[in-house]
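A short worksheet on the structure shown next.
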Amino acid sequence: MKEKIRNFCIIAHIDHGKSTLADRLMELTGSVAKRDMQSQLLDSMELEREKGITIKLTPTRMNYSYGGEEFVLNLIDTPGHVDFTYEVSRSLAACEGAILIVDATQGVEAQTLANAYMAIDANLEILPVINKIDLPSAQIEKCKKEIEDVVGLPADDAPCISAKDGTNVEDVLKAIVERISPPKGDENAPLKALVFDSFYDNFKGAICLVRIFDGSVRAGDKILFMQAEKEFEVTEVGLFKPKMEEVESLSAGEVGYIAASIKSLSDVHVGDTITHTALPTAQPLPGYKVVQPVVYCGIFAVDGSRYNDLKEALLKLKLNDASLQFTPEVSTALGFGFRCGFLGLLHLEIITQRIEREFNLDIITTAPSVSYTVVKTNGEQLEISNPSNLPPAVEIEKILEPMVSASLFTPPEYVGAIMELCQQKRGVYKNLTYLDKTRVRIDYRLPLGEIIYDFFDKLKSATKGFASFDYQMDGLMPAKLVKLDILLKGEKCDALSLIVHESSAYARGRAIVEKLKKIIPRQLFEVPIQAAIGNKIIARETISALRKDVLAKCYGGDVTRKRKLLEKQKEGKKRMRQIGSVEIPSEAFLSILKLDDEQ
Amino acid sequence: MRVYVHIPFCESKCSYCAFASFVNPQEETKYFDALISEIALRSTGEEVESVYFGGGTPSCIDPKNLERVLEKIKQGFKLSPKAEITIELNPNSTTKQKLDFYKRIGINRLSFGVQSLNDKVLQFLGRRHTKKQALFAITEAKKCGFENISADLLLGVKGGRPKHDAARLLRAKVKHISAYMLQIEEGTKLKKLASKGCKKIASEDESAKIYQKLAQFLQKKGLKRYEISNFAFPGYQSSHNIAYWTGEKYLGFGLGAHSYDGKNERSANATNFEDYYTGKVTSERLSQTERDEEIIMLGLRCEYGFDKEKLSFDIEKLPSYKNFIKQKILFSCGNIVTLNPDYYAASNAVILQLLKD
């Protein structure tokens with residue numbers, strides 16, 4: 001049986017056509033009837049489909065007849081974003097092979113490369129596939145050469161396809177069967193299953209998505225999560241076709257799910273190993289890691305009285321996303337809310353949008369921050385992810401900030417622009433490699449805190465979108481950081497505080513007050529906006545008091561017209577947050593990050 | 001009870017005017033016949049405390065028509081002997097003969113559409129008179145024995161000096177000044193100009209500043225700001241105006257005229273002759289919320305404010321109300337709530353915030 005199974009994933013740069021290919025494969029193997037096809041089936045969340053990117057992995061099992069034999073193809077989709085690198089690595093570990101999609105019009109991109117290397121590290125057989133050959137700007141030969149030169153894989157016999165119109169997609173299926181090896185493993189050995197994802201089902205509890213390496217599992221079995229050290233009794237095992245379908249058992253080589261009345265997703269860790277309690281396997285699978293948030297921000301309900309709804313929303317989202325972390329937070333400006341930790345900026349954006357959409361809550365998100373290690377003069381060490389918790393400057397011995405090692409890929413003409421940008425962002429130059437005539441790789445060590453601001457946008461504009469970027473966490477480094485406070489009408493607004501490098505504090509303070517002046521509507525009184533470090537004001541702008549069309553003549557007692565006009569204005573009036581006596585639109589809090597677009 | 005009579009005729013259309021007024025003298029006879037029968041039809045015998053001839057330009061028509069109207073009002077209502085009877089006038093169509101006539105038929109308050117004492121500004125606005133004509137008309141009115149004289153000033157055209165104009169008008173013994181801001185209405189000549197980036201139109205900020213200075217000046221001179229736009233020496237406030245703000249009952253006769261029953265029904269006559277002649281009226285019943293909105297909106301425009309007890313809800317529970325009181329933007333004294341005059345220029349924002357809650 002095992003010999004007829006192929007476990008594979010698809011790796012690709014964002015927008016190179018991963019989900020479209022997955023759809024075509026499912027259609028060709030008859031896994032879904034064509035009339036049921038909703039474009040890009042695997043991207044199940046509305047938001048994913050809208051953004052055209054896959055965040056959450058959804059596996060699917062396909063049956064394929066080839067050479068008179070029936071094969072089972074398990075497709076494990078992977079998220080295509082740097083925020084979810086760990087999840088990608090666990091998905092790869094569940095496969096024997098990977099399809100590497102390269103867009104024939106774009107060539108090899110940073111994400112392609114990063115993921116290809118991850119797949120190579122995981123000892124997967126890699127099948128390059130050149131996609132989008134239907135486009136007039138497709139350059140198949142150049143693309144093949146790039147795969148060979150840059151990734152270092154032979155690409156001569158790579159299928160050239162158009163996932164969009166279906167051209168040559170059958171070749172991909174053939175290659176999967178022919179070139180990817182069947183899973184190894186022993187059905188009779190003690191159970192060893194890898195959890196590569198999980199989600200929450202309202203009826204079945206937490207569902208573990210697993211790849212069975214050894215042994216088999218069925219309902220009624222007592223199982224042990226080896227890392228979490230928790231025990232459960234299996235209530236159901238099944239396959240994804242792509243909908244969940246119960247089966248009697250899952251055995252070595254197969255991909256499916258296990259349900260075990262697990263109440264909380266926090267008991268299920270991606271990367272954990274499941275075994276039988278009675279007869280455990282000797283060693284858990286390697287590669288397990290506890291995922292730590294990288295980016296933090298405060299989330300508050302615009303309407304302060306909806307705190308409990310916000311809490312409810314976060315709890316529900318957490319059911320499906322164990323990597324989301326949150327703890328209650330109190331802001332003098334915004335009241336009760338939560339400090340939330342995310343895997344990255346995209347993750348942050350997805351969660352906040354889901355809160356607004358799926359739970360119909362207007363929220364305020366404060367400026368994202370990374371987690372700083374603060375060593376106080378009394379020797380005490382603190383982890384600070386909320387700028388307003390930073391101790392006074394006199395009590396601080398030093399602040400360590402998290403660093404990343406970043407690889408940037410660019411055509412040679414933008415090397416100068418990129419180096420200038422990295423230098424601006426306090427980057428430490430490490431290396432520069434000419435990969436070929438058209439592609440350069442630049443390595444920098446950069447503070448994470450600088451990247452979460454406007455790095456992506458700036459990189460894009462500096463290189464006309466040609467450069468791409470990938471990073472990994474790379475330890476801590478001491479830095480001269482200060483807290484920048486923003487005062488509105490003389491009152492400090494803690495939700496607008498930022499931790500910034502001393503050298504850029506003045507420029508940042510100036511830019512922020514200017515930006516806030518544009519964003520905060522005029523009020524009934526003058527509103528001074530100040531930026532301060534400690535007690536020192538470093539920048540100031542003033543919003544002059546509002547004066548608006550009051551003296552319209554009330555012709556001949558026409559009161560109705562006046563009232564209708566007011567009602568219309570009332571409809572158009574945005575909901576705002578009251579900070580002290582000043583009204584602030586909720587986007588102000590995030591906008592202070594996006595400063596450079598107008599300078 | 002108050003009576004408003006609309007005279008929809010003008011000698012020419014001003015560039016900013018979006019109101020029911022027409023340059024159509026041949027329509028006059030037919031219109032006044034219709035107006036007279038409307039008054040007869042809607043007569044109630046109630047006591048009338050003020051009559052207001054608005055326009056359009058009431059001064060451009062044959063004054064005998066006004067006499068007919070007043071006679072009809074006297075027949076159908078009980079016109080109080082102390083009634084304030086106002087007519088709006090354009091300086092260029094005001095003659096000594098007409099003024100004498102007005103005096104004779106009982107008109108006792110004149111409201112001149114001066115707008116500005118700068119000829120260039122007047123030209124831009126499409127007014128037919130000059131500074132000289134305006135001042136002459138006021139002097140003539142004084143000579144004819146009129147005491148209660150008001151002048152309108154329009155703020156918001158660059159080059160205009162409303163404070164300077166006001167000083168001149170006060171020297172001419174004007175007792176009441178209405179100061180309005182230029183509104184750019186759809187379908188007007190001004191709107192076209194504005195959309196082409198006309199540089200003569202002042203920004204809201206500039207107008208607001210001019211208004212503040214004008215208000216300070218007038219108050220220093222002893223006039224009282226009894227409503228955002230209206231300033232008067234003691235005893236010369238327009239009782240007709242006040243009735244609008246305080247929610248009194250009024251009947252409007254004529255094209256496009258508005259009526260209010262003092263409770264919850266507002267109605268308006270049609271704004272074109274044809275529909276007016278067939279008696280078309282649009283009316284609306286105010287919901288409790290709409291009535292509350294009006295009380296707040298109108299009350300905060302006046303020095304008298306509004307009475308909390310008149311609202312259907314407890315305004316003290318509104319967070320914005322509490323804030324405004326705390327910030328001294330609103331004042332509360334007994335049941336009366338007033339807007340701090342320093343915030344008159346931003347009254348809309350205050351009203352909006354209250355209504356939003």
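Chains as they are written, first to last, in our numbering: chain B, 1 to 599; chain H, 1 to 357. Don't be surprised by glycine CBs; every beta carbon is placed ideally from N, CA and C.
Beta carbon proximity, Q237/H to chain B, threshold 7 Å: Looking up residue 237/H in the second sequence gives position 237. Judged by the 7 Å Cβ criterion, Q237/H is not in contact with chain B.
Where Y377/H falls: helix, strand or coil (DSSP): Lying outside 1 to 357, the shown extent of chain H, residue 377/H is not represented and no answer is given.
Per DSSP, cross-strand counterpart(s) of D470/B: Numbered from its first residue, the first sequence carries residue 470/B at position 470. The partner list for D470/B (beta bridge, DSSP) reads S407/B.
Distance CB(K96/H)-CB(E140/H) smaller than 7 Å: For the purposes of this step, residue 96/H is taken as residue 96 along the second sequence, with counting starting at 1. For the purposes of this step, residue 140/H is taken as residue 140 along the second sequence, with counting starting at 1. Yes, these two residues count as a Cβ contact at 7 Å.
Pair within 7 Å by beta-carbon distance, R441/B and T433/B: In the first sequence, residue 441/B corresponds to position 441, counting from 1. In the first sequence, residue 433/B corresponds to position 433, counting from 1. Yes, they are a contact pair.
Listed by chain order, chain H residues near A545/B by CB distance under 8 Å: For the purposes of this step, residue 545/B is taken as residue 545 along the first sequence, with counting starting at 1. Residues of chain H passing the Cβ test: A346.
Below-7 Å beta-carbon distance, D558/B vs any chain H residue: Translated into positions along the first sequence, residue 558/B becomes position 558. It does; some Cβ of chain H falls within 7 Å.
Near the ligand GDP: I7/H beta-carbon under 6 Å from a heavy atom: Questions concerning the ligand GDP fall outside what the structure shown contains, since it holds no ligand whatsoever.
DSSP bridge partner residues for H276/B (one or two, in chain order): For the purposes of this step, residue 276/B is taken as the residue at position 276 of the first sequence. Checking the DSSP bridge columns, you'll see H276/B partnered with I223/B.
Cβ-Cβ distance between F300/B and I364/B below 7 Å: Taking the first sequence and counting its residues from 1, one reaches residue 300/B at position 300. Taking the first sequence and counting its residues from 1, one reaches residue 364/B at position 364. In contact: F300/B and I364/B (Cβ atoms closer than 7 Å).
7 Å Cβ cutoff met for L348/B and V295/B: Within the first sequence, residue 348/B is the residue found at index 348, counting from 1. Within the first sequence, residue 295/B is the residue found at index 295, counting from 1. Against a cut-off of 7 Å, the Cβ pair of V295/B and L348/B comes out as a contact.
Runs of alpha helix (DSSP H) lying entirely within the region 153 to 208 of chain B, each at least 4 residues, in chain order: 169 to 179
Residue nearest to I10/B in terms of C-alpha spacing, selected from M62/B, K316/B and G97/B: If you number the first sequence from 1, residue 10/B lands on position 10. Nearest of M62/B, K316/B and G97/B to I10/B, Cα basis: G97/B.
Extent of the continuous beta strand (DSSP E) to which M576/B belongs: Along the first sequence, one-based indexing puts residue 576/B at 576. Note, M576/B: beta strand (DSSP E), M576 to I579.
Spatially closest choice to L524/B from A93/B, V172/B, T542/B and E397/B, by CA coordinates: Here residue 524/B refers to the residue found at position 524 when the first sequence is read from its first residue. When each option's Cα is compared against that of L524/B, the closest is T542/B.
Proximal residues, the region 419 to 436 of chain B versus chain H, C-beta separation under 9 Å: none
Any C-beta of chain B under 7 Å from that of L355/H: Residue mapping note: residue 355/H aligns to position 355 of the second sequence, counting from 1. Answer yes: the Cβ-Cβ gap between L355/H and chain B drops below 7 Å somewhere.
Residue span of the alpha helix (DSSP H) that contains V121/H, given as start and end: Residue 121/H sits at position 121 when you count from the first residue of the second sequence. Counting along the chain, the alpha helix (DSSP H) containing V121/H begins and ends at D119 to L125.
Contacts that M297/H makes with chain B (C-beta to C-beta distance below 9 Å): For the purposes of this step, residue 297/H is taken as the residue at position 297 of the second sequence. Neighbours of M297/H on chain B, chain order: V559, K562, R563 and L566.
Start-to-end residues for the alpha helix (DSSP H) that takes in E284/H: As a working note, residue 284/H is residue 284 in the second sequence. It is not in any alpha helix (DSSP H) - E284/H instead sits in the beta strand (DSSP E) that spans V281 to R285.
Beta-carbon contacts of C143/B that lie in its chain and below 7 Å, excluding the five residues immediately before and after: The residue labelled residue 143/B in the question sits at position 143 within the first sequence. So the list reads V102, A104, G107 and I130, once near-sequence residues are dropped.
Contact set between the region 511 to 542 of chain B and chain H, restricted to residues whose Cβ is under 7 Å from the partner: Listed by position along the chain: L524.
Any alpha helix (DSSP H) of 4 or more consecutive residues that is wholly inside the region 113 to 191 of chain H: For the region 113 to 191 of chain H, the full-length alpha helix (DSSP H) segments reaching 4 residues or more read 119 to 125, 131 to 143 and 162 to 171 along the chain.
Beta-carbon proximity of V5/H to F253/H, cut-off 7 Å: One-based indexing of the second sequence puts residue 5/H at position 5. One-based indexing of the second sequence puts residue 253/H at position 253. A distance below 7 Å separates the beta carbons of V5/H and F253/H.
Assigned secondary structure, T54/B (DSSP; H/G/I helix, E/B strand, else coil): Stepping through the first sequence from its first residue, residue 54/B is reached at position 54. Note that T54/B scores 46 on pLDDT, short of 50, meaning its location in the model is unreliable and no value can be drawn from it.
Which of helix, strand or coil DSSP assigns to D485/B: Mapped onto the first sequence, residue 485/B falls at position 485. Strand, per DSSP.
Spatially closest choice to L487/B from G449/B, S405/B and G534/B, by CA coordinates: For this step, residue 487/B is matched to residue 487 along the first sequence. When each option's Cα is compared against that of L487/B, the closest is G534/B.
Cβ of Q327/H within 7 Å of any chain B Cβ: Here the question's residue 327/H lines up with position 327 in the second sequence. Q327/H counts as touching chain B.
Buried versus exposed call for M62/B [16 or more other C-beta atoms within 10 Å across all chains shown]: Taking the first sequence and counting its residues from 1, one reaches residue 62/B at position 62. Buried, by the Cβ-count rule.
Spatial neighbours of R35/B in its chain, beta-carbon cut-off 7 Å, leaving aside the 5 residues before and after: On the first sequence, position 35 is the one that residue 35/B refers to. In this prediction, R35/B scores a pLDDT of 47, lower than 50, which makes its location untrustworthy; the coordinate-derived value is nonetheless stated afterwards. Hits under 7 Å: none found.
Helix, strand or coil at P8/H [DSSP, three-state]: For the purposes of this step, residue 8/H is identified with residue 8 of the second sequence, where counting begins at 1. Three-state DSSP puts P8/H in coil, outside helix and strand.
8 Å Cβ cut-off: residues of chain B touching Y260/H: Here the question's residue 260/H lines up with position 260 in the second sequence. Per Cβ cutoff of 8 Å: G557 and V559.
Beta-carbon gap between E397/B and K376/B smaller than 7 Å: For the purposes of this step, residue 397/B is identified with residue 397 of the first sequence, where counting begins at 1. For the purposes of this step, residue 376/B is identified with residue 376 of the first sequence, where counting begins at 1. Yes, these two residues count as a Cβ contact at 7 Å.
Whether V302/B touches R577/B by CB criterion (7 Å): The sequence position of residue 302/B within the first sequence is 302, counting from 1. The sequence position of residue 577/B within the first sequence is 577, counting from 1. Yes, the Cβ-Cβ distance between V302/B and R577/B is below 7 Å.
Buried versus exposed, by CB contacts within 10 Å (16 or more), L41/B: As a working mapping, residue 41/B is identified with position 41 in the first sequence. In this predicted model, L41/B has a pLDDT of only 46, less than 50, meaning its place in the structure is not dependable; the value taken from the coordinates is given anyway. Buried, since its Cβ has 16 or more Cβ neighbours within 10 Å.
Short-range partners of chain B found in the region 204 to 235 of chain H, where Cβ spacing is below 9 Å: E204, D205, S207, A208, K209, Y211, Q212, I228 and S229
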